[in-house]
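Chains as they are written, first to last, in the numbering used here: chain Y, 2 to 305; chain G, 2 to 305. All C-beta atoms in this analysis are idealised placements derived from N, C-alpha and C, irrespective of residue type, glycine included. No experiment lies behind these values; they were computed from the predicted model shown. Here's the structure we're looking at; comments come further down.
Protein chains: 2
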Amino acid sequence: MNQSAHLLSTSGLSLERMNSFLQVVEAGNIAKAALGDATKQSQFSRQIKEMESFFGVALTRRVGRRIEITDEGHHLALMIRRQFRELEDFRAAMAGKSVQVRFGAQGSIIDWILTPRIDEIRKALGDVTVELEQMRTLDVMRAVADGRIDFGILRADALPKETKRRKLGNVGYALFVAKNTGKSAGSVEQAIQKFPLVELLPGGQFGSRWQAWLSEKKLHPHVIARLASFTQMARVVRTGKAAAVLPEIASVELDPRRFHAEPIASLPKRAMVLIANTRSLERAGLDASATNRLEKVLGVEKML
Amino acid sequence: MNQSAHLLSTSGLSLERMNSFLQVVEAGNIAKAALGDATKQSQFSRQIKEMESFFGVALTRRVGRRIEITDEGHHLALMIRRQFRELEDFRAAMAGKSVQVRFGAQGSIIDWILTPRIDEIRKALGDVTVELEQMRTLDVMRAVADGRIDFGILRADALPKETKRRKLGNVGYALFVAKNTGKSAGSVEQAIQKFPLVELLPGGQFGSRWQAWLSEKKLHPHVIARLASFTQMARVVRTGKAAAVLPEIASVELDPRRFHAEPIASLPKRAMVLIANTRSLERAGLDASATNRLEKVLGVEKML
DNA sequence: TTGATTCATGACTGAAAAGTCATATAAGTT
DNA sequence: AACTTATATGACTTTTCAGTCATGAATCAA
C-alpha cells in the first residue's frame with residue numbers, strides 16, 4: 002500500500018548521508034570537502050559507499066588519487082539539492098520567514114547592479130530574502146543549472162548559445178578620473194596616458210581585450226598597480242590616487258559630481274544577461290511574470 | 002557554505018519520520034495508519050510531534066478524538082511524496098528497472114479500458130512499468146492532485162470545471178444478453194422486462210440515473226440480484242444467468258459472438274476523460290507528447 | 001625510492017532515532 | 001457512569017548511524 006515502503010526497506014539512505022554527498026559534490030572531491038579533517042574524510046568516503054550500494058550505482062569514480070563525481074552522481078546531487086531547498090523553504094515559510102532567492106554574479110555586478118537595487122528586486126519578487134553570492138563568471142552558469150542559485154547575471158558571451166536568457170542591455174567602458182586631479186586632457190586616449198592608472202591583473206576576459214585595445218591605439222599608460230577586480234580598482238579611483246577604465250555602471254560607486262566618467266566608444270560594449278533556474282522559481286512560488294519584473298528592474302542602461 | 006547545513010543542524014527530521022507522516026496522511030488518521038498496532042500508533046504520534054517541532058508548524062489538528070491533517074501538513078506530504086518517488090525512481094532506473102507510471106480508475110475502467118491496452122500504453126509512454134490502481138471515481142482526482150497516481154481516468158461530470166483534462170470520448174450503455182438465452186424481443190425496453198436482470202446496488206451515480214430512466218419508461222424489470230460493480234455484473238452476464246445494462250465497453254469482456262449488446266440510446270452517454278499530474282510526468286521523464294499518444298491509445302469510441 | 005597526497009577500511013564509541021510497552025488523557029457512545 | 005476509541009506520553013530497550021582513530025592502499029611527484 003505504502004508507495005515508499007520500498008525506499009526505506011533497505012538501509013543505507015539518510016538525510017545525513019545525502020547532505021554529506023552534497024558537500025562532496027560541491028567541493029568536487031573528498032579531501033576538499035573534508036577541509037583536512039581526517040574524521041570527515043573517512044565519514045564521507047564511507048557514506049558515499051553506503052549510498053552507492055543503496056542506489057546500486059557508482060556515484061564517484063577514481064581518477065588518479067582523487068575521485069570524480071559520475072554523471073549519475075551529479076544527477077542525484079541535483080535532485081537532493083532541490084529537495085533540501087524545498088524542505089528548508091517550507092521550514093522557513095512556516096517560521097514566518099520569507100523564501101530565499103539566491104543571486105550569483107561577479108563581485109562588480111553584485112556591487113554595482115544588484116546591491117543598489119535590493120529594494121526594487123524585493124518589490125519585483127514579492128516578500129523574499131535576497132541572497133547575493135559572489136562567484137566567477139564561468140561558475141555562474143553551472144550554479145544556475147545546479148540549482149545552487151536561482152538567478153545569475155553575467156556577460157552574454159560567457160554563455161553557450163542555446164542557453165535561455167533575458168537581455169539586460171549593454172555595458173560600455175569609461176575612464177573614471179577624480180575631478181580634482183585636473184582637467185581631462187582632450188581625448189580619452191590622451192587622458193589615459195596622462196593619469197596614473199590601475200589595471201586588472203592579466204588573465205580575465207576583459208584584460209586581453211584591454212591590452213589589445215591599448216596596442217591598437219598605440220597607448221602606453223602609466224600603470225601604478227594591477228588588481229584582481231573592478232571593485233578593487235574603483236576603490237583606488239575613489240581615493241583619487243589613480244584613474245581606471247571601468248564598466249560604466251561603476252558610476253554607482255563613483256559619484257558623478259566628484260568623478261568624471263569619459264566613455265570609451267572604441268572599446269566594445271558587452272551585453273549583460275539574466276539567467277534563471279525555472280525549477281527553483283517554482284519552488285519559491287514565483288512565476289514568469291516575476292522574472293519579467295526582475296528583468297526590468299535590472300536593466301543596466303536605464304541608470305546611465 | 003553548505004546550503005543545507007541549516008536543514009540538518011537541528012534534529013527532528015529523518016526519512017523514517019517523513020515516511021511515517023506520509024502513511025498517516027494517506028490513511029487520514031493515526032489509528033487507520035497503525036492498523037491496530039499499538040506500537041505504530043505511539044510511534045506515529047511521537048514522530049509527527051517531532052516533525053511539527055522541527056518545522057515549527059502544526060501538521061495535524063485534533064478533531065473530536067481523532068486527528069486531521071492541516072493544510073500545511075498536506076502541503077508537506079505532497080512535497081515528501083514527490084521527493085520519495087523521485088529517489089525511488091532514481092534507484093529503480095539505476096537498477097535497470099523502468100520508471101513506474103501509476104494509473105488510477107474505477108474497477109470497470111481498469112478491466113475494460115486499461116487492462117486490454119497495456120501494451121499500447123507502454124508503447125505510448127516508452128519503456129515504463131504500468132501500475133493500475135483501483136479506486137473510487139471521487140478519489141481519482143484527489144490522488145492525481147496528490148501525486149499518488151500519475152494518470153486518472155474518470156467521468157467528466159465528476160470533475161470540477163476548471164480541471165485540465167483530455168477527452169477520451171463518450172461511453173453509452175447497452176443491454177448485454179447471452180445469445181443462447183433466446184432472441185432479443187423487439188425493442189430494448191421490451192427485452193429489459195423479458196430477461197432476468199442484475200443491477201447496481203443503489204447509491205452510485207449511475208444507479209440513480211438508471212432508476213430515473215426506468216420510471217420514465219415505466220419499466221419494471223425482473224431483478225434477480227444487485228451487485229457492487231459493473232465488473233461483477235458482467236461476470237453474472239457471462240454465466241448466462243441474467244442480462245444487465247452495462248457500459249458499452251463491457252464488450253471487451255463479453256464476446257460479441259456469444260453476447261448480444263443492444264445500445265440504449267435514451268440513456269445519456271457519459272464523457273470519459275484522462276487527467277494527469279504534470280509534476281509526476283516530469284519526474285518520469287515524460288512530456289506532453291507522451292500524454293497525447295496516451296490520449297489516442299485510450300480513446301473509448303474507436304473500439305466499439 | 002621516499003614521501004606526500006588522497007581515498008578506503010577496520011574496529012571501535014557514542015548519540016540519535018526507532019521500536020516496545022504500559023498507561024494517561026480526551027472525546028465520544030451506550 | 002461505564003465503556004470504547006483515538007491519541008499522547010513516559011520509561012524504557014534495541015538498532016542504526018554518525019563520529020573517531022589508526023592504518024592500509026593507490027597514485028603521483030621530487
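Please report how far the alpha carbon of glutamine 42 of chain G lies from the alpha carbon of alanine 157 of chain G, in whole angstroms.
-> 39 Å
Neighbour flag for alanine 245 of chain Y against chain G, beta carbons, 7 Å = no
Contacts of histidine 75 of chain G in chain Y (Cβ-Cβ under 9 Å) | None at all; the shortest Cβ gap to chain Y is about 12 Å.
Buried versus exposed call for glutamate 89 of chain Y [16 or more other C-beta atoms within 10 Å across all chains shown] | buried
Chain G contact residues for glycine 57 of chain Y, given Cβ-Cβ distances below 8 Å | Result: Arg92, Met95, Ala96.
Tell me whether glutamate 217 of chain Y is buried or exposed, calling it buried when 16 or more other Cβ atoms sit within 10 Å of its Cβ.
-> exposed
Work out the CA separation of glycine 37 of chain Y and serine 46 of chain Y for me, nearest whole Å.
-> In this structure, the alpha-carbon of serine 46 of chain Y lies about 14 Å from that of glycine 37 of chain Y.
Candidates G/Ala34, G/Lys242, G/His76, of which the one nearest alanine 94 of chain Y by Cα = Looking at G/Ala34, G/Lys242, G/His76, the one whose alpha-carbon comes closest to that of alanine 94 of chain Y is G/His76.
Beta-carbon neighbours of methionine 80 of chain Y, restricted to chain G and to distances below 9 Å = Gln84, Glu87, Leu88, Phe91
Contacts around histidine 221 of chain Y, its chain only, beta-carbon distance under 8 Å, and the 5 residues preceding and following it disregarded = Gln194, Leu215
Buried versus exposed call for leucine 16 of chain G [16 or more other C-beta atoms within 10 Å across all chains shown] | buried
Isoleucine 31 of chain G lies in the alpha helix (DSSP H); which residues open and close that run?
-> 31 to 35
Have a look at leucine 305 of chain Y and isoleucine 250 of chain Y and give me their C-alpha separation to the nearest angstrom.
-> Confidence in leucine 305 of chain Y is poor, its pLDDT being 49 and thus under 50, which makes the residue's placement unreliable; the coordinate value appears in the next sentence. Rounded to the nearest angstrom, the two C-alpha atoms are 7 Å apart.
If you measure from the beta carbon of leucine 8 of chain G to each beta carbon in chain Y, is any gap under 7 Å?
-> Taking 7 Å as the threshold, the shortest C-beta distance from leucine 8 of chain G to chain Y falls below it.
So, arginine 83 of chain G versus glycine 187 of chain G, is the Cβ gap smaller than 7 Å?
-> no
At least 3 beta-carbon pairs within less than 8 Å: the region 278 to 286 of chain Y vs the region 223 to 231 of chain Y | Segment contact: the region 278 to 286 of chain Y against the region 223 to 231 of chain Y, fewer than three CB-CB distances shorter than 8 Å; contact not assigned.
Cβ pair phenylalanine 56 of chain G, phenylalanine 177 of chain G closer than 7 Å | no
Any C-beta of chain G under 7 Å from that of asparagine 30 of chain Y = no
Please determine if the region 100 to 109 of chain G and the region 111 to 121 of chain Y are in contact, where contact requires at least 3 C-beta pairs separated by less than 8 Å.
-> no
Under a CB-based cut-off of 7 Å, is threonine 292 of chain Y close to chain G?
-> Not closer than 7 Å to any Cβ of chain G, the Cβ of threonine 292 of chain Y fails to qualify, so no.
Using three-state DSSP, classify glutamine 107 of chain Y as helix, strand or coil.
-> coil
Proximity test, Cβ basis, 7 Å: asparagine 20 of chain G and chain Y | yes
Cα separation between alanine 213 of chain Y and arginine 63 of chain Y?
-> 42 Å
Expected contact under 8 Å - CB spacing of alanine 244 of chain G and phenylalanine 196 of chain G to nearest Å = 4 Å
Range of the contiguous alpha helix (DSSP H) that encloses alanine 59 of chain G = Here alanine 59 of chain G belongs to no alpha helix (DSSP H), and DSSP marks it neither H nor E.
Burial state of serine 21 of chain Y (16 or more Cβ within 10 Å) | buried
Report yes if the CB atom of lysine 270 of chain G is closer than 7 Å to the CB atom of asparagine 181 of chain G, and no otherwise.
-> Contact: no.
Indicate the three-state DSSP secondary structure (helix, strand or coil) for leucine 8 of chain G in the structure shown.
-> helix
Neighbourhood of serine 5 of chain Y by C-beta distance below 7 Å, restricted to the same chain and skipping five residues each side = The pLDDT assigned to serine 5 of chain Y is 48, lower than 50, so where the model puts this residue is not dependable; a value taken from the coordinates is nonetheless given after this. For serine 5 of chain Y, where only same-chain residues beyond five positions count, there are no Cβ hits under 7 Å.
Would tryptophan 113 of chain G pass as a contact of valine 199 of chain G if the rule is Cβ separation under 7 Å?
-> no
According to DSSP, is leucine 23 of chain G helix, strand or coil?
-> helix
Residues of chain Y with a CB under 8 Å from the CB of leucine 16 of chain G: which are they?
-> Leu8, Leu9, Leu14, Ser15, Leu16
Would you identify the three-state DSSP class for serine 228 of chain Y, choosing helix, strand or coil?
-> A quick correction: the sequence has leucine, not serine, at residue 228 of chain Y. Note: leucine 228 of chain Y maps to strand in three-state DSSP.
Where asparagine 171 of chain Y sits in the DSSP three-state scheme | strand
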